[in-house]
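One structure is given below, encoded as structure tokens.
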């Protein structure tokens with residue numbers, strides 16, 4: 001079971017149709033590397049004003065994350 005750590009940043013922008021702007025910053029082999037990437041990214045324009053938008057998720061290689069269908073309106 002191989003884990004990877006995904007670093008995302010989300011901020012809300014009412015000019016966008018969905019209102020959300022989600023960015024995948026990167027995929028890392030350890031939580032420490034993901035946290036270091038977050039620290040680097042937090043200093044960049046835009047990100048430094050929206051530090052609460054960072055999230056690190058843990059994913060397993062070769063494992064389905066979405067196992068159900070979806071419904072459209």
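In full-length UniProt numbering, the protein residues as written are 1 to 73.
Idealized CB from N, CA, C, for every residue including glycine.
query, result
"Specify the secondary structure class of residue 70 as computed by DSSP and reduced to three states.", "coil"
"Is DSSP giving residue 19 helix, strand or coil here?", "coil"
"Run through the UniProt domain \"DUF7336\" (3-69) for me and flag every whole alpha helix (DSSP H) of 4 or more residues, listed as ranges in chain order.", "31-41"
"Any contact between the region 39-56 and the region 8-16? By contact I mean 3 or more CB pairs, one from each, below 8 angstroms.", "yes"
"Where does residue 54 land, buried or exposed, given buried means 16+ other C-beta within 10 angstroms?", "buried"
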